[in-house]
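Protein chains in written order, with UniProt numbering: chain V, 1 to 312; chain F, 1 to 448.
By construction, the Cβ of each residue, glycine as well, lies at the ideal position given by its N, Cα and C atoms.
Report on one structure; see the data block that follows.
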Amino acid sequence: MSLIVKNITKKYGDKVVVEDLSFSIEKPGVYALLGTNGAGKTTSLRIILGMLSKDKGEVLWKGNPLDTVNANVGYLAEERGLYPKYSLLDQLLYFAKLRNVPKKTAMSRIEYWSERLSVNEYLFPPKVKGKTVKANKADQLSKGNQQKLQLMAALISDPELIILDEPLSGLDPVNTELFKGIIREEIAKDKYLIMSSHQMPVIEEFCSDITILDKGKVVLSGNLNEVKKSYGRVNLFVKSDVEIASYIDSFGIEITNKTPGEYQLKVLGEEQAMAFLTKLIQDKIPIVKFELREPSLHEIFIEKVGDVHEEK
Amino acid sequence: MSMKKSNISGWKDVFTFTLTQTLKNKAYRVSFLIMALIAVVSMPLIQYLTKGEEAGSDKLSPVEKVYIQNETSLQNLDFSSLKQDSTLKNVEFTNLTEDYDAVSKRIEESEKASVLVTIKEQSGAFMLEFSKASKGPVKDAGISALAEKMTESFHSLRLLTQGITKEQNELISAKVDTKTINLDAQGNPVETKDDTISFNEYWFIYGILFFLMMVTLMASTQVASSVVMEKSSRIVEYLLISVRPLALMVGKILAMLCAVLLQIISLMVLVFISNKVSAAMGSGSQAGIMNQYVPANIFQNLNIVNILLCLVLIALGMIFYAVLAGMAGATVSKIEELNEGMTLLTLTTLVGVYIGFGAANVLMGSGSNAFVTFAFLFPLSSPFLLPGAILVGKASLFIAAAAIILQMLLNVLLFNFVASIYETLILHNGNRIRLKDLFKLNKGGIKA
Chain V
1 MSLIVKNITK KYGDKVVVED LSFSIEKPGV YALLGTNGAG KTTSLRIILG
51 MLSKDKGEVL WKGNPLDTVN ANVGYLAEER GLYPKYSLLD QLLYFAKLRN
101 VPKKTAMSRI EYWSERLSVN EYLFPPKVKG KTVKANKADQ LSKGNQQKLQ
151 LMAALISDPE LIILDEPLSG LDPVNTELFK GIIREEIAKD KYLIMSSHQM
201 PVIEEFCSDI TILDKGKVVL SGNLNEVKKS YGRVNLFVKS DVEIASYIDS
251 FGIEITNKTP GEYQLKVLGE EQAMAFLTKL IQDKIPIVKF ELREPSLHEI
301 FIEKVGDVHE EK
Chain F
1 MSMKKSNISG WKDVFTFTLT QTLKNKAYRV SFLIMALIAV VSMPLIQYLT
51 KGEEAGSDKL SPVEKVYIQN ETSLQNLDFS SLKQDSTLKN VEFTNLTEDY
101 DAVSKRIEES EKASVLVTIK EQSGAFMLEF SKASKGPVKD AGISALAEKM
151 TESFHSLRLL TQGITKEQNE LISAKVDTKT INLDAQGNPV ETKDDTISFN
201 EYWFIYGILF FLMMVTLMAS TQVASSVVME KSSRIVEYLL ISVRPLALMV
251 GKILAMLCAV LLQIISLMVL VFISNKVSAA MGSGSQAGIM NQYVPANIFQ
301 NLNIVNILLC LVLIALGMIF YAVLAGMAGA TVSKIEELNE GMTLLTLTTL
351 VGVYIGFGAA NVLMGSGSNA FVTFAFLFPL SSPFLLPGAI LVGKASLFIA
401 AAAIILQMLL NVLLFNFVAS IYETLILHNG NRIRLKDLFK LNKGGIKA
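Right, here's the structure in full:
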């Protein structure tokens, strides 16, 4: 059981918006689609969901072309969509009905999720004696609460495949943690997730496999750990109470960033880093921090797509 | 959970949700309440306001005595024959023998049910001048009824005073009509039937046509707004992972149609009740307001078959315009662009309505001809024109059946066209899609 995306390509006239995107999710987990704004992430997700036609390629779910109407898929779009003037409960029940969820099951799931996401006061407004309780509508909710309702709509059918487009954008830290907790739970329930996000630490936290898109083209794809390993441990962070610029110069090490008291360097390899450390110790330079590590996803991302945009 | 769905499966869920939400909608409820209130109150109100003011009704005249001052050269004008009229049987007609001012003063002060009529002759014309008390039982309507009858009587009296006999008078006053007879090849007259419509029938057809145009435009606009609202708010993305675009369109259009038909039928029932109430308020011989103003022959044509034909035509017409509206809504991405997107729908509706108006005018002027038959059958105009024409008995069952078949054919063609492009349209985001682009889409030239 898996999702296979094979060579999907999408053009608008002569403009290629997604070119030969391929990846697969063999086992339950989260796959990340990364890219700058306009890189083609949302377009790719819409093609996978069958909302947009594709010029080439195929999307297979459990060995057959993915048909979201017949498969159990949940989707949280980047741009939130709720009927602004309709009752929230009616909307959720409608989305559940369209996904063939029996009303009783839908109600119990709505009750569970509304409790979990702390929106029960909007869905089930408390009754006040002698007053008619009016159902809440989407345009009365904050953006964050609307996002919670959207997530409920995405999860109402207990989907096997969940597609989350920028799920954490616009959330405050408390609600970000809440959403992250729910994503963790879904992973634990052996769900297949595809997630697009700009928040690299979140991707690093959840995703084992990634694809980085730039202007519709795949610039990097694969297992996140392997990608990092392929870069090697070349990022060196050195903090000292004295100035060490002359030492860095003498070793010909590239400075990638400098903050007061700390240098961020790019070394050729572990040997060069060890030689540099040995020299500092020999000269009795007081060292506060000496850390050699693989590049972060953020650094890899900037390296892969940053240059292109800087050239503009 | 997984089950195969056809292209329109799920339409019932869309239908139920859309209909429920439309019925719950405050604007829908308020507009319906206002229309219902107008329907219920209007006829009893008209009956109340026009009570006692119906010229030519069989009510007794409030006038008790008429003083006549004859200032013309005509002698012996005797209006007493008017007492034969049932409404004037209690009125006393007398020539003025007292002082004019004294009688005027008396009428104003005490003799309030009397009227002073001065007959004048000025440069070859006669004038009947009526003076009444400013306050009292004699109202303007009562004077109008009296004036109508006295003028008619004066016409005969002035001839009789000139020595013309009653028979001669009838001969002189006889109505002159003209008639054109067509001859066949052998020179024999061909019987032609007068199939023009009366002024009242014309206004009845016009009223129905205008009402249907308003209702159709309202329903179509609701469909288009609903589609573009789902598009602009991105709800459509959530819907499309569960249901196919065609099911969305079918469910939405049928729900809007039901909501509008529910309004029409409810209003018809309320108008019927209102008419009954107005009849009960009137005097015994009077029917309801509707019977007084609506052509009598529509009640002869008001049977189950004709009502069904009208409802089927109205429903088919609404489906046609609603599908067009659904397509119009899907061609734009923002609610602000909707007016531009509705151009095709508005033009199509106007073409249908103007052809309908034209045909109603032709029907009143010269009766049925090729243009009228075309307007009856043309699918853009038939849903507006034909229901009224059926109810006044100017459209045969054959014409109605043919119009329904043509409308169904056009609906199927339009539905197939829209079905082929709707999926692309509904997901299109950007500049408005123009008419020529729709045809390109239909041929597979453009993709979402």
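TODO: Specify whether the stretch 229 to 243 of chain V and the stretch 293 to 302 of chain V touch according to this definition: at least 3 beta carbon pairs, one from each stretch, less than 8 angstroms apart.
DONE: Between the stretch 229 to 243 of chain V and the stretch 293 to 302 of chain V there are three or more C-beta pairs closer than 8 angstroms, enough to call the two in contact.
- [ ] Measure the Cβ-Cβ separation of F:G326 and F:V250 and say whether it is below 7 angstroms.
- [x] Here residue 326 of chain F refers to the residue found at position 326 of the second sequence. Here residue 250 of chain F refers to the residue found at position 250 of the second sequence. F:V250 is positioned such that its CB atom lies no closer than 7 angstroms to that of F:G326.
Open item on the list: For V:F95, which residues in the same chain have their Cβ closer than 8 angstroms to its Cβ, ignoring the five residues on either side in sequence?
Closed with: As a working note, residue 95 of chain V is residue 95 in the first sequence. Only A153 and I156 meet the Cβ criterion.
Open item on the list: Less than 6 angstroms between C-beta atoms, sequence neighbours within five positions excluded: which residues of the same chain meet that for F:R244?
Closed with: The residue labelled residue 244 of chain F in the question sits at position 244 within the second sequence. Answer for F:R244: N7, listed in chain order.
Task: Rounded Cβ spacing between F:V91 and F:V117 (contact assumed at less than 8 angstroms) - done: Mapped onto the second sequence, residue 91 of chain F falls at position 91. Mapped onto the second sequence, residue 117 of chain F falls at position 117. Incorrect: roughly 11 angstroms between the Cβ atoms, too far for contact.
TODO: Determine the direct distance from the alpha carbon of F:G356 to that of V:K217, and round the result to whole angstroms.
DONE: For the purposes of this step, residue 217 of chain V is identified with residue 217 of the first sequence, where counting begins at 1. For the purposes of this step, residue 356 of chain F is identified with residue 356 of the second sequence, where counting begins at 1. Here the C-alpha atom of V:K217 lies approximately 58 angstroms from the C-alpha atom of F:G356.
Task: For F:V41, the first and last residue of its enclosing beta strand (DSSP E) - done: Counting from 1 along the second sequence, the entry for residue 41 of chain F is found at position 41. Counting along the chain, F:V41 sits inside no beta strand (DSSP E); it lies in the alpha helix (DSSP H) bounded by residues K26 to L49.
Open item on the list: List, in chain order, every chain F residue whose beta-carbon is nearer than 9 angstroms to that of V:R80.
Closed with: Looking up residue 80 of chain V in the first sequence gives position 80. At a C-beta separation below 9 angstroms, V:R80 has these neighbours in chain F: S233 and R234.
Task: Assigned exposure category for residue 452 of chain F - 16 Cβ within 10 Å defines buried - done: A question about residue 452 of chain F goes unanswered here, because the residues of chain F that appear run from 1 up to 448.
TODO: Using three-state DSSP, classify F:R432 as helix, strand or coil.
DONE: Within the second sequence, the letter at position 432 stands for residue 432 of chain F. Correct three-state label for F:R432: coil.
Open item on the list: In the DSSP output, what is F:M268 paired with across the bridge?
Closed with: Here residue 268 of chain F corresponds to residue number 268 of the second sequence, with the count starting at 1. Note: F:M268 sits in no beta bridge, so no partner.
- [ ] Kindly say whether V:M107, judged by its beta-carbon, lies nearer than 7 angstroms to any beta-carbon of chain F.
- [x] The count along the first sequence starts at 1 and reaches residue 107 of chain V at position 107. False, the Cβ-Cβ gap to chain F never drops below 7 angstroms.
Open item on the list: Here's the rule: buried if 16 or more other CB atoms are within 10 angstroms of the residue's CB, otherwise exposed. What is F:M214?
Closed with: In the second sequence, residue 214 of chain F corresponds to position 214, counting from 1. Exposed: under 16 other Cβ atoms inside 10 Å.
Open item on the list: As a quick exercise: from F:T18, F:L88 and F:L146, pick the residue whose alpha carbon is nearest that of V:D90.
Closed with: Looking up residue 90 of chain V in the first sequence gives position 90. For the options F:T18, F:L88 and F:L146, the alpha carbon positioned closest to that of V:D90 is the one of F:T18.
- [ ] Please go through the stretch 380 to 415 of chain F and give each complete alpha helix (DSSP H) segment of 4 or more residues, from N-terminal end onward.
- [x] Taking only runs of at least 4 residues, the alpha helix (DSSP H) segments lying wholly in the stretch 380 to 415 of chain F are 382 to 391.
TODO: Return the residues of the stretch 291 to 316 of chain F that lie within a Cβ-Cβ distance of less than 9 angstroms from chain V, sorted by chain order.
DONE: Cβ contacts with chain V come from no residue of the stretch 291 to 316 of chain F.
- [ ] Can you pull the chain V residues whose beta carbon is under 7 angstroms from the beta carbon of F:G10, in chain order?
- [x] Reading the second sequence from its first residue, position 10 is the one you call residue 10 of chain F. Within chain V, the residues near F:G10 are L98.
Open item on the list: For the pair the stretch 382 to 395 of chain F and the stretch 200 to 211 of chain F, tell me if three or more CB-CB distances fall below 8 angstroms.
Closed with: Yes, the stretch 382 to 395 of chain F is in contact with the stretch 200 to 211 of chain F.
Task: Sheet register partners of V:G222 (DSSP bridge) - done: To locate residue 222 of chain V, count along the first sequence from 1; it is residue 222. For V:G222, which the question treats as bridged, DSSP gives the partners V:I210.
Open item on the list: Could you check whether the Cβ of V:L34 sits closer than 7 angstroms to any Cβ belonging to chain F?
Closed with: Working through the first sequence from its first residue, we reach residue 34 of chain V at position 34. Chain F has no Cβ within less than 7 angstroms of the Cβ of V:L34.
Open item on the list: Please list, in chain order, the residues of the stretch 21 to 45 of chain F that have any C-beta partner in chain V closer than 9 angstroms.
Closed with: Residues of the stretch 21 to 45 of chain F with a C-beta atom less than 9 angstroms from some C-beta of chain V are Q21, K24, N25 and K26, listed in chain order.
Task: 6 angstroms CB neighbourhood of F:S285 in its chain, flanking five on each side removed - done: If you number the second sequence from 1, residue 285 of chain F lands on position 285. Unreliable placement is indicated for F:S285, whose pLDDT of 49 sits below 50; the coordinate value is still reported in the next sentence. Counting only residues of its own chain and dropping the five nearest sequence neighbours on each side, F:S285 has no CB closer than 6 angstroms to any other CB.
- [ ] Kindly indicate if chain V contains any beta-carbon less than 7 angstroms away from that of F:E237.
- [x] Taking the first residue of the second sequence as position 1, residue 237 of chain F is located at position 237. Chain V, which has a Cβ nearer than 7 angstroms to the Cβ of F:E237, makes this yes.
Open item on the list: Counting only beta-carbon separations shorter than 7 angstroms, does F:I241 have a partner in chain V?
Closed with: Looking up residue 241 of chain F in the second sequence gives position 241. Any Cβ of chain V closer than 7 angstroms to the Cβ of F:I241 would place that residue at the interface, and such an atom is present.
Open item on the list: For chain F, check one thing: does any of its Cβ atoms lie closer than 7 angstroms to the Cβ of V:Y94?
Closed with: The residue given as residue 94 of chain V occupies position 94 in the first sequence. Yes, its Cβ sits closer than 7 angstroms to a Cβ of chain F.
Task: Inter-residue spacing [alpha-carbon to alpha-carbon] between F:A55 and F:S220 - done: Within the second sequence, numbered from 1, the residue matching residue 55 of chain F stands at position 55. Within the second sequence, numbered from 1, the residue matching residue 220 of chain F stands at position 220. Note on F:A55: pLDDT 47, under 50, position unreliable in the model; no value is reported.
Open item on the list: By alpha-carbon positions, which one of V:K11, V:V59, V:L82 and V:S196 ends up nearest to residue 337 of chain V?
Closed with: Nothing can be reported for residue 337 of chain V: it is not among the residues displayed for chain V, which extend from 1 to 312.
Task: DSSP three-state assignment for F:A141, whether helix, strand or coil - done: Counted from its first residue, the second sequence places residue 141 of chain F at position 141. Helix.
Open item on the list: Between which residues of its own chain and F:P189 is the CB-CB distance below 8 angstroms, once the five residues before and five after are set aside?
Closed with: Here residue 189 of chain F refers to the residue found at position 189 of the second sequence. Cβ contact annotation for F:P189 (same chain, cutoff 8 angstroms, sequence separation greater than five): I181, N182 and L183, in chain order.
- [ ] Could you name the residues of the same chain whose beta carbon sits closer than 8 angstroms to that of V:E186, not counting the 5 residues immediately before and after it, in chain order?
- [x] Start at 1 with the first residue of the first sequence, and residue 186 of chain V comes out as number 186. Answer for V:E186: L155, I162 and L193, listed in chain order.
Open item on the list: As an exercise, report each continuous beta strand (DSSP E) stretch of at least 3 residues that is fully enclosed by the stretch 56 to 83 of chain V, in chain order.
Closed with: Counting only runs of 3 or more, we get 56 to 61 and 73 to 76.
- [ ] With DSSP collapsed to three states, give me the class of F:Y206.
- [x] Translated into positions along the second sequence, residue 206 of chain F becomes position 206. F:Y206 falls in the helix class under three-state DSSP.
Open item on the list: Counting only C-beta atoms, is F:D140 closer than 7 angstroms to chain V at any point?
Closed with: For the purposes of this step, residue 140 of chain F is taken as residue 140 along the second sequence, with counting starting at 1. For F:D140, the answer is no, since every Cβ of chain V falls outside 7 angstroms of its Cβ.
Open item on the list: Can you tell me whether V:K127 is buried or exposed? The criterion is at least 16 other CB atoms within 10 Å of its CB, across all chains shown.
Closed with: As a position in the first sequence, residue 127 of chain V is number 127, starting the count at 1. With a 10 Å radius around the Cβ and a threshold of 16 neighbouring Cβ atoms, V:K127 comes out exposed.
Task: N- and C-terminal bounds of the beta strand (DSSP E) containing V:F23 - done: In the first sequence, residue 23 of chain V corresponds to position 23, counting from 1. V:F23: member of the beta strand (DSSP E) spanning K15 to I25, first to last residue.
TODO: Name, going along the chain, the residues of the stretch 418 to 429 of chain F whose beta-carbon falls closer than 7 angstroms to a beta-carbon of chain V.
DONE: Of all residues in the stretch 418 to 429 of chain F, L427 have a Cβ within less than 7 angstroms of some Cβ in chain V.
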